[in-house]
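Position one of the sequence shown corresponds to residue 531 (our numbering), numbered consecutively onward.
Ideal Cβ positions, reconstructed from N, Cα and C, are used throughout, including at glycine.
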Amino acid sequence: MSMITSLRSLTKLNSSSGSTPATNRQLSIAGMLSNLRQLGKSGLRVSPVALGTMALGENWSRLMGDVTQDEARRIFTKYCDLGGNFIDTANHYQEGQTEEWIGEFIRERGNREDMVLATKYSLPCPALQTKNSCGNSRKNMMQAVEASLQRLQVTYIDLLYVHYWDHQTPPVEIMRGLNDLVQSGKVLYLGISDTPAWQVVRCNMIAEHYGWAPFICYQGRHNIGDRDMEREIIPMCREMGLGVAPWSVLGAGKFSGRFKRGEPERESGRKRVNMSDNDWAISDVVHEIAEELGATPAQVVLYWSCHTPGITSPLIGVRKLAQLEDTVKGIDLKLTDEQHQKLQKVADQKLDLGFPHNFIGQSYEANFCNDPVAFFNMFS
């Protein structure tokens, strides 16, 4: 057997334009996250689920509770043991503590070259409080990256995100600064988070014009009950060749079964959880399918995200090892056609893409330009 054949037998590469992860129920849990996906139009390959790390730390205990370093280490270790390679963090998570811990874990395990390490800049870190330590300026960009490299104990960052659109810094300044970081070797790839679709296109057109490094990945909020990204952002990513790594995939626990109709609204993590009628309807179907499969609601919700066209690698943020071990099994669920259609139907029932999508359709086949007879029949 040739080396290439051997490698292909070990790694199945999925594209980011909606290809689905393995659904073989015999897939060993030890390699569950090793079926890699291409991140956008880059050559970078990432696991079908990324490990979100915002909760890993003790400095935001009032906001979201404690996660001890030992528990965080166990979560990181298990994720790696499952074949995961995509770690998502940010310079300000837990006031910089999360990056420090991730750096320690990588050094202890000695697997830096195995990992795709993503971090972000834009929001302030208390370790550096100056008038220019927030926003997307070149100054904040450079000082934030240097600080992240030190905390992570690495010489380069695989994927650097613009964390948050500041509505002030000129796109040319952002893209020139990011390209300089890529040219320096301190950053390999670029991503953007929580930003309007038209600004992402604008930035990448600037990069294309000057021959600079473009954004290859977008990160934003998306789950079975919150699909706003499907109006403009996900179609933009598919058209422009960006991978998508959504956060809040589990919907802040809305569909976990912890909430019951008629009970007072409860706190979940960072914010109060409000359950709409649509959320309850989705939760009912998620639980029904979970019971039929002998699975958990979190697994069903992750399954839906992994099978959504355009999604590359959903982020799952956990606070306990058991949550990680349970949730990741969702990528290996095998729903019947009937179950999948039922899940999609309840997910679609309140989906409103708004204008112009509800006027022109989302494809040529659904457009009046494809059927002039139907168009004129409207007026007859």
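Inter-residue spacing [alpha-carbon to alpha-carbon] between residue i and residue j
i       : j       : result
Pro-839 : Arg-768 : 9 Å
Gln-853 : Phe-909 : 57 Å
Arg-757 : Gln-749 : 13 Å
Gln-874 : Asn-907 : 32 Å
Pro-776 : Pro-726 : 15 Å
Glu-738 : Asp-724 : 21 Å
Arg-849 : Phe-785 : 17 Å
Leu-653 : Asp-867 : 43 Å
Ile-828 : Glu-821 : For the sequence presented, residue 828 should be read as Ala rather than Ile. C-alpha separation (whole angstroms): 12 Å.
Glu-588 : Leu-845 : 21 Å
Ser-714 : Arg-604 : 34 Å
Gln-729 : Gly-783 : 31 Å
Tyr-740 : Ile-704 : 13 Å
Ser-813 : Ser-778 : 16 Å
Ile-890 : Asp-901 : 12 Å
Close beta carbons around residue i, own chain, < 8 Å, minus the five adjacent residues each side
i       : result
Asn-888 : Asp-882
Val-903 : none
Gly-633 : Arg-681, Leu-682, Gln-683 and Val-684
Nearest candidate by alpha-carbon position, reference residue i, set the options
i       : options                               : result
Gln-659 : Lys-650, Gln-673 and Arg-706          : Gln-673
Gly-570 : Met-766, Asn-804 and Val-848          : Met-766
His-697 : Asp-756, Asn-709 and Gly-665          : Gly-665
Met-562 : Ile-890, Lys-661, Ala-775 and Gly-860 : Gly-860
Leu-851 : Gln-683, Gln-599 and Asp-758          : Gln-599
Arg-639 : Cys-610, Lys-661, Glu-630 and Thr-619 : Cys-610
Asn-804 : Val-774, Gly-755 and Ala-820          : Gly-755
Ala-648 : Leu-593, Glu-855 and Ala-580          : Ala-580
Gly-582 : Tyr-623, Leu-593 and Asp-596          : Tyr-623
Thr-619 : Leu-566, Arg-567, Val-675 and Ser-591 : Val-675
Arg-567 : Ser-663, His-837, Leu-679 and Ser-806 : His-837
Asp-809 : Asp-878, Leu-865 and Val-597          : Asp-878
Distance between beta carbons of residue j and residue i, contact taken as under 8 Å
i       : j       : result
Ile-736 : Val-702 : 6 Å
Pro-578 : Ser-843 : 6 Å
Ser-572 : Ile-746 : 4 Å
Val-815 : Lys-880 : Not quite, the Cβ-Cβ distance comes to about 13 Å (not below 8 Å), so this is no contact.
Gly-613 : Ser-564 : 3 Å
Ile-819 : Gln-869 : 5 Å
Sub-8 Å separation of residue i and residue j beta-carbons
i       : j       : result
Leu-863 : Val-830 : yes
Pro-744 : Leu-711 : no
Leu-682 : Glu-629 : yes
Thr-857 : Leu-823 : no
Phe-635 : Phe-606 : yes
Leu-574 : Trp-631 : no
Gly-707 : Arg-668 : yes
Val-876 : Ala-811 : yes
Arg-791 : Gly-884 : no
Lys-661 : Glu-855 : no
Val-576 : Val-646 : yes
Tyr-651 : Asn-670 : yes
Gly-787 : His-817 : yes
Met-759 : Asn-734 : no
Chain-order list of residues whose beta-carbon lies under 6 Å from that of residue i (same chain, five-residue window excluded)
i       : result
Asn-709 : Trp-742 and Ala-743
Val-717 : Ile-687, Leu-690 and Leu-711
Gly-773 : Ser-546, Leu-569, Gly-570, Cys-747 and Thr-842
Contact set for residue i: own chain, Cβ-Cβ below 7 Å, skip 5 residues either direction
i       : result
Arg-800 : With a pLDDT of only 49 at Arg-800, under 50, the local geometry of the prediction cannot be trusted, and the value read off the model is given with reservation. Excluding residues within five positions, the ones whose Cβ falls inside 7 Å are Leu-593 and Met-594.
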